[in-house]
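Inspection log for the structure reproduced underneath, given as structure tokens.
2 protein chains.
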Amino acid sequence: MQPPTWDLDLKFDFMDEHRAHPHKKISLKNIPTETEGPFEGKEHARAFTARAVADIQALQYRTFVEGKQSLLVVLQALDAGGKDGLIRKVLGRMNPQGCRTFPFKVPTSEELAHDFLWRIHAATPAAGKVSIFNRSHYEDVLIARVNDLVAKSVWKDRYKQINDFEDLLVQRGTKIVKIYLHISPGEQLERFKKRLDNPAKHWKLNAGDYATRERWGDYREAYEDVFEKCNSKHTPWYLIPADKKWYRDASVAAIIRKTFEEMDPQLPAVDVDVEEIRKLYERESAEQKD
Amino acid sequence: MQPPTWDLDLKFDFMDEHRAHPHKKISLKNIPTETEGPFEGKEHARAFTARAVADIQALQYRTFVEGKQSLLVVLQALDAGGKDGLIRKVLGRMNPQGCRTFPFKVPTSEELAHDFLWRIHAATPAAGKVSIFNRSHYEDVLIARVNDLVAKSVWKDRYKQINDFEDLLVQRGTKIVKIYLHISPGEQLERFKKRLDNPAKHWKLNAGDYATRERWGDYREAYEDVFEKCNSKHTPWYLIPADKKWYRDASVAAIIRKTFEEMDPQLPAVDVDVEEIRKLYERESAEQKD
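Residue numbers (the UniProt record's numbering), protein chains in the order written: chain A, 1 to 290; chain B, 1 to 290.
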């Protein structure tokens, strides 16, 4: 039996579909956590993702060689939202010589002795490079706010500080893409339960998992503020329906590919004389044959 | 037509085959740059590599979760030796959250203001992590020696400094694997010529390429000294016949897999009560259904 030949040149605009409207209050309750988009099912989406990842690899190579622009991907989600899976299957497939993943954890004492953007700034991508943030400076207006880690007067100032910081990056030539993986409370519970059945995942268990679930409403509110306050034309948030892993992977791959296409990296002019070098090599080849 | 089913459980010991004998003078001229090893051809080797990479990914995950041991892969070769391809196809396929690639270039002025191991030490893997060095501290006894970048009295001392440094890492719990990709002058010339035909590779061209070819003998001598002086039981060098890319990828994948197997990472005991958590989740699921 022949495998089906899928249409991989979809006319569907994933960016437009999932872009959170800039500067506008959104209600996460009205954003779906599950969709099949333009796909005929899981296998179709996986074939689409494989092609998109290959395109991303080629575009990343050109960006690296061009050596001018950078890409910063910010990844946020509640626990079990699928960040690690997305990195393993899509984002982490870029060439590691030009792409680095930063998992931001609880700040160290040295990091806490600086402003909250200090460790973030150090991780931003140089010209030609890509940085992927697994969690980010947004935790400083999410968990820090929900769990009262700092006073309200402190976290309230951070939205503008974040915007000023991201503008600096954009003006230097860094493209910013911010991804929120949106799952339902029911899906999170299912994923937590699956971890219990897999001993290799038990290290991920901790008593805080359940506490976070109880603060779901507070997190939703904090995220909604982020999507309103830190979301300009050049610093977009995409809200990805992530209950279906294959839709999550496909839609993010499509958005990253489109972002690279918009960057349109160009191979630089070469300052050596290719034909001169060719003659040199041909002569050497001929000598070896003598 | 059915695709052939290859034997992927080969009895061939790639480590033993390619290990440079510790503390012994070797002559690179006697080491083959081309072999097919136990493979029936390219497709067989590629199937083997795919399986080995999947095994490496699983073992890397266990090492990450265990959080005790580290792996350091040092990669050295002459130009066009295939380091970038090997990283793209094998080494760089590890999960980027636990694995980082460090391309060491010409030292910056800040790096030159320190001892030669300063920037290297900063890049060594933490517990649970993997570092891949694309070029390394060995350049400080290779290019630095061949091109007289430092006095002989300086580079002569470095062999012992390197050994002491690597011993420190090993004693902390870092496994070290050093890979030399061994190609012939003729194969290098072919690869240089191919670059001329591919505009996307022209950025790699530089006038130094040819100069390096003219110092081939000096480099060989410098490498032979490295393999004799910096090569103990716990800091092994593997000399990989790398004219055939598919053999290079397969043999290095086999060696990295075996290294992880020797590390034998263990999932840690969990300090939460899995059954208690299960009850909590089951109760919540039941409540949602009410």
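Backbone N, C-alpha and C define an ideal beta-carbon position, used for all residues, glycine too.
- Taking 9 Å as the Cβ-Cβ cut-off, the segment 114 to 145 of chain B approaches chain A at 132 and 134, given in chain order.
- Between residue 81 of chain B and chain A, the shortest Cβ-Cβ separation is not below 8 Å.
- Chain-ordered, the chain B residues with CB closer than 7 Å to the CB of residue 288 of chain A read 186.
- Contact with chain A is absent for residue 219 of chain B, since none of that chain's Cβ atoms lies less than 8 Å from the residue's Cβ.
- Uninterrupted alpha helix (DSSP H) stretches at least 4 residues long and entirely within the segment 169 to 243 of chain B occur at 185 to 197, 208 to 214 and 216 to 229, given in chain order.
- Around the beta-carbon of residue 248 of chain A, 16 or more other beta-carbon atoms lie within 10 Å, marking it buried.
- Burial state of residue 285 of chain B is exposed, judged by a 10 Å Cβ sphere holding fewer than 16 other Cβ atoms.
- The three-state reading of DSSP puts residue 133 of chain A in strand, counting E and B together.
- Inter-segment contact for the segment 161 to 172 of chain B and the segment 92 to 108 of chain B is absent: fewer than three beta-carbon pairs are separated by less than 8 Å.
- Among the bridge pairs identified by DSSP, residue 100 of chain B is matched with B:131.
- Using a Cβ-Cβ distance cut-off of 8 Å, the segment 143 to 156 of chain B and the segment 215 to 222 of chain B are in contact, since at least three pairs of beta carbons, one from each stretch, lie closer than that value.
- Only those residues of the segment 237 to 271 of chain A whose C-beta falls short of 7 Å from the nearest C-beta of chain B are listed: 267, 268 and 270.
- Contact of residue 192 of chain A with chain B by beta-carbon distance below 7 Å involves 281.
- Taking a 10 Å sphere around the C-beta of residue 25 of chain B, we find fewer than 16 other C-beta atoms and assign the residue as exposed.
- A buried status is given to residue 236 of chain B, since no fewer than 16 other beta-carbon atoms sit within 10 Å of its beta-carbon.
- The residues 59, in chain order, have a CB closer than 8 Å to that of residue 261 of chain A in the same chain once the five nearest residues on each side in sequence are set aside.
- At a cut-off of 8 Å between beta-carbon atoms, residue 205 of chain B makes contact with chain A.
- For residue 69 of chain A, there is no enclosing beta strand (DSSP E), since its DSSP letter is neither H nor E.
- Residue 234 of chain B sits away from residue 33 of chain B, with the two beta carbons spaced by 8 Å or more.
- For residue 85 of chain B, no CB of chain A lies under 8 Å from its own CB, so it is not counted at the interface with that chain.
- In this chain, the alpha helix (DSSP H) harbouring residue 85 of chain A covers 83 to 89.
- Per DSSP, the beta-bridge partners of residue 19 of chain A are A:238.
- A straight line joining the alpha-carbon of residue 91 of chain B with that of residue 154 of chain A spans about 43 Å.
- Counting only residues of its own chain and dropping the five nearest sequence neighbours on each side, residue 265 of chain A has a CB closer than 6 Å to the CB of 62, 63 and 66.
- No Cβ of chain A is located within less than 8 Å of the beta carbon of residue 107 of chain B.
- Contact between the segment 71 to 81 of chain A and the segment 170 to 189 of chain A is present: three or more C-beta pairs spanning the two stretches fall below 8 Å.
- In this structure, residue 22 of chain B sits away from residue 251 of chain B, with a CB-CB distance that is not shorter than 8 Å.
- By the rule that beta-carbons nearer than 8 Å mark a contact, residue 88 of chain A touches chain B.
- Between residue 289 of chain B and the set A:211, A:225 and A:186, the nearest pair of CA atoms involves A:186.
- Cβ contact annotation for residue 209 of chain A (same chain, cutoff 7 Å, sequence separation greater than five): 79 and 192, in chain order.
- Chain B places a beta carbon closer than 8 Å to that of residue 277 of chain A, counting this residue as a contact.
- The shortest CA-to-CA distance from residue 279 of chain B to any of A:197, A:11 and A:126 is the one to A:197.
- Between the alpha carbons of residue 224 of chain A and residue 274 of chain A lies a distance of about 55 Å.
- Interface residue (Cβ-Cβ distance to chain B less than 8 Å): residue 60 of chain A is not classified as such.
- At a cut-off of 8 Å between beta-carbon atoms, residue 212 of chain A makes no contact with chain B.
- In the three-state reduction of the DSSP assignment, residue 122 of chain B falls in the coil class.
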